[in-house]
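First up is the structure itself, then whatever we jot down about it.
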Ligand SMILES: Nc1ncnc2c1ncn2[C@@H]1O[C@H](COP(=O)(O)OP(=O)(O)O)[C@@H](O)[C@H]1O
Ligand SMILES: N[C@@H](CC(=O)OP(=O)(O)O)C(=O)O
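In this note's numbering, the protein residues as written are 23 to 387.
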């Protein structure tokens, strides 16, 4: 079998049901030109996962984690089947490999599970029998076969896990932006696309909230030397950033309006909270100039987690904005999410980017 192509399409690809046929058309053309089997990881339609979370909490305000994982991951499964059926309509042979069929086994940390074992056999078999294998992002199972979730926005991680399992040297991640920019291009004017970014810089930027890439997916790529190519999710699927071992020193202003800084009475309390969040598999940053922890990306019940670990609850202090200059990061804290955008714009305006690269910014909303 030829080495499969591994592609991921994020939730922003599917604003409407018509988008499944549009993508099926693009994949159909690619199969015709490349004649290689294709593994396509897809995320849930925009808003579906959070819609399910809302429904879950309406029925039970404190659901068990295993139930959360079982329910929330179904949104991506719906998306996978919609893409498969769109491909069938175009005469392509496609199948869906859900979490329980995929060969990814995780620990039992149901909502932020970590992969502990990968069996490539199911993927290889499916790829030898079908032109396209569609994989719902974020899904896996624990050692007892119970559904687990790799966490919020974890389809990128699924894509890298699939690339690793099938031996692909490249994984293409498609989103509503064509690459990593010097700041969120939808919020910060003058943000510039970075054509080549090193694994370390990409991991650092995603740790501080550049949500175009999931941090653990970059770590997996680095460990197995898989190149990540970021592309736009609409035809002609323009390529922006390539992430590999090579990349120039970068300046950037990174933030996510959902992130939160928690202040603690002293360093010891902040350290315990940071440790507790880490044990839960969450991305948190311990600020070094104050007894605080930044919980990056939101969607976390920080109070419940602190209670679970017997940690004194931190006080919400605002939204972290990271000023990155090479490997040096300065953390700023904005009082609210709108202030974070204004602060990020000011910091970005003050950065000295070469004039030539101010042109050529490609963002399609
Ligand atoms: N530095 C950055 N570079 C590029 N995109 C960024 C950056 N910081 C934040 N983003 C945001 O990441 C978004 C893409 O990630 P995401 O919403 O998870 O897409 P998808 O649903 O396709 O997976 C973009 O719409 C952009 O607003
Ligand atoms: N169900 C996932 C889908 C996902 O990973 O999203 P995206 O690829 O769009 O970031 C989530 O909402 O977390």
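Positions of the beta carbon are idealized from the N, C-alpha and C atoms, including for glycine.
In chain order, each alpha helix (DSSP H) run of at least 4 residues that lies wholly inside the segment 223-309: 237-246 and 289-301
Paired residues, beta bridge with residue 29 - DSSP: Locating residue 29 in the chain shown gives position 7, where the first residue counts as 1. Beta-bridge pairing links residue 29 to 62 and 194.
Cut-off 6 Å between Cβ atoms - residues of its own chain near residue 379, not counting five sequence neighbours on either side: The residue labelled residue 379 in the question sits at position 357 within the chain shown. Caution is warranted here: a pLDDT of 46 is assigned to residue 379, below 50, making its placement in the model unreliable, and the coordinate value is therefore given only provisionally. If we look at residue 379 and ignore the five residues flanking it on each side, its Cβ neighbours are 214.
Buried/exposed call for residue 24, threshold 16 Cβ in 10 Å: Sequence index remark: in the chain shown, residue 24 carries index 2 (1-based). Residue 24 is exposed by the Cβ-count criterion.
Residue(s) in a DSSP beta bridge with residue 203: The sequence position of residue 203 within the chain shown is 181, counting from 1. In DSSP, residue 203 forms a bridge with 215.
Start and end residues, alpha helix (DSSP H) containing residue 177: Translated into the one-based positions of the chain shown, residue 177 becomes position 155. Unbroken alpha helix (DSSP H) run through residue 177: 177-188.
Residues bridged to residue 118 [DSSP beta-bridge criterion]: Walking along the chain shown from the start, residue 118 turns up at place 96. In the DSSP output, where bridge partners are listed per residue, residue 118 has 156.
C-alpha gap between residue 34 and residue 259, whole angstroms: Here the question's residue 34 lines up with position 12 in the chain shown. Here the question's residue 259 lines up with position 237 in the chain shown. Each residue's alpha carbon lies about 14 Å from the other.
Residue nearest to residue 343 in terms of C-alpha spacing, selected from 357, 326, 175 and 362: To locate residue 343, count along the chain shown from 1; it is residue 321. Of the listed residues, the one whose Cα sits closest to residue 343 is 362.
Residue 234 CB to nearest heavy atom of ligand 1 below 8 Å: Here residue 234 refers to the residue found at position 212 of the chain shown. Yes, Cβ of residue 234 sits closer than 8 Å to a heavy atom of ligand 1.
Proximity test, residue 31 beta-carbon vs ligand 1 heavy atom, cut-off 8 Å: Numbered from 1 along the chain shown, position 9 holds the residue referred to as residue 31. Residue 31 Cβ: within cutoff of ligand 1.
Span separating the alpha-carbon of residue 365 from that of residue 221: Within the chain shown, numbered from 1, the residue matching residue 365 stands at position 343. Within the chain shown, numbered from 1, the residue matching residue 221 stands at position 199. The straight-line gap from Cα to Cα measures roughly 27 Å.
Exposure label - residue 208; buried when at least 16 CB within 10 Å: In the chain shown, the residue the question calls residue 208 occupies position 186. It counts as exposed.
Residue 57: CB within 8 Å of a non-hydrogen atom of ligand 1: For the purposes of this step, residue 57 is taken as residue 35 along the chain shown, with counting starting at 1. Answer for residue 57: no, Cβ out of range of ligand 1.
Assumed close pair residue 87, residue 132 - CB separation to whole angstroms, cut-off 8 Å: Mapped onto the chain shown, residue 87 falls at position 65. Mapped onto the chain shown, residue 132 falls at position 110. About 4 Å separates the two Cβ atoms, so the contact holds.
N- and C-terminal bounds of the alpha helix (DSSP H) containing residue 52: On the chain shown, residue 52 is found 30 positions in, with the first residue counted as 1. 40-56 is the span of the alpha helix (DSSP H), which, as asked, contains residue 52.
Cβ-based burial, residue 185 [other Cβ within 10 Å; buried from 16]: Here residue 185 is taken as the residue at index 163 of the chain shown, counted from 1. Classification of residue 185: buried, given that the 10 Å Cβ count is 16 or more.
Supposed close pair residue 351, residue 230 - CB separation, criterion 8 Å: For the purposes of this step, residue 351 is identified with residue 329 of the chain shown, where counting begins at 1. For the purposes of this step, residue 230 is identified with residue 208 of the chain shown, where counting begins at 1. Between residue 230 and residue 351 the Cβ distance is about 7 Å, and since that is below 8 Å, they are a contact.
Any non-hydrogen atom of ligand 2 closer than 8 Å to residue 71 Cβ: Looking up residue 71 in the chain shown gives position 49. It does: the Cβ of residue 71 is within 8 Å (strictly closer) of some heavy atom of ligand 2.
Segment contact, 8 Å Cβ cut-off, at least three pairs: the segment 132-150 with the segment 84-100: yes
Residue 178 Cβ short of 8 Å to ligand 2 heavy atom set: As a first step, residue 178 must be located in the chain shown, where it is residue number 156. Residue 178: yes, Cβ under 8 Å from ligand 2.
Paired residues, beta bridge with residue 355 - DSSP: Stepping through the chain shown from its first residue, residue 355 is reached at position 333. Answer is 342, bridged to residue 355.
From 267, 180 and 281, residue whose alpha carbon lies closest to that of residue 339: Against the chain shown, residue 339 aligns to sequence position 317. Ranking 267, 180 and 281 by Cα distance to residue 339 puts 281 first.
Residues near residue 225 in its chain [Cβ-Cβ closer than 8 Å; skip 5 each side]: The sequence position of residue 225 within the chain shown is 203, counting from 1. Counting only Cβ-Cβ distances below 8 Å, and skipping sequence neighbours, we find 237, 240, 241 and 244.
Rounded distance between the beta-carbons of residue 205 and residue 283, thought under 8 Å: The residue you call residue 283 lines up with position 261 of the chain shown. The residue you call residue 205 lines up with position 183 of the chain shown. Their Cβ separation, rounded to whole angstroms, is 19 Å, which puts residue 283 and residue 205 out of contact at 8 Å.
Through-space distance from residue 73 to residue 301, alpha-carbon basis: Taking the first residue of the chain shown as 1, we reach residue 301 at position 279. Taking the first residue of the chain shown as 1, we reach residue 73 at position 51. C-alpha separation (whole angstroms): 27 Å.
According to DSSP, residues forming a beta bridge with residue 350: Here residue 350 refers to the residue found at position 328 when the chain shown is read from its first residue. In DSSP, residue 350 forms a bridge with 347.
Residue 48 to residue 277 span [Cα, whole Å]: Sequence index remark: in the chain shown, residue 48 carries index 26 (1-based). Sequence index remark: in the chain shown, residue 277 carries index 255 (1-based). Roughly 32 Å separates the two Cα atoms.
Inter-residue CB distance, residue 64 and residue 98 (contact presumed, cutoff 8 Å): By one-based count along the chain shown, residue 64 stands at place 42. By one-based count along the chain shown, residue 98 stands at place 76. The pair is a contact, with the Cβ atoms about 7 Å apart (cut-off 8 Å).
Near ligand 2: residue 133 beta-carbon under 8 Å from a heavy atom: Locating residue 133 in the chain shown gives position 111, counting from the first residue. For ligand 2, not one heavy atom lies less than 8 Å from the Cβ of residue 133.
Cβ-based neighbour list, residue 384, same chain, cut-off 7 Å, excluding 5 preceding and 5 following: Along the chain shown, read from residue 1 onward, the residue named residue 384 stands at position 362. Confidence in residue 384 is poor, its pLDDT being 36 and thus under 50, which makes the residue's placement unreliable; the coordinate value appears in the next sentence. Cβ within range, chain order: 200, 215, 260 and 262.
Collapsed DSSP secondary structure at residue 35 in the structure displayed: Looking up residue 35 in the chain shown gives position 13. Residue 35: helix per DSSP, three-state reduction.
Any non-hydrogen atom of ligand 1 within 8 Å of residue 209 CB: Numbered from 1 along the chain shown, position 187 holds the residue referred to as residue 209. Residue 209: yes, Cβ under 8 Å from ligand 1.
Neighbourhood of residue 138 by C-beta distance below 7 Å, restricted to the same chain and skipping five residues each side: On the chain shown, residue 138 is found 116 positions in, with the first residue counted as 1. Answer for residue 138: 127, 128 and 129, listed in chain order.
Run of the beta strand (DSSP E) containing residue 162, from where it starts to where it stops: Residue 162 sits at position 140 when you count from the first residue of the chain shown. From DSSP, the beta strand (DSSP E) with residue 162 extends over 161-164.
Residue 95: CB within 8 Å of a non-hydrogen atom of ligand 2: Within the chain shown, the letter at position 73 stands for residue 95. Yes.
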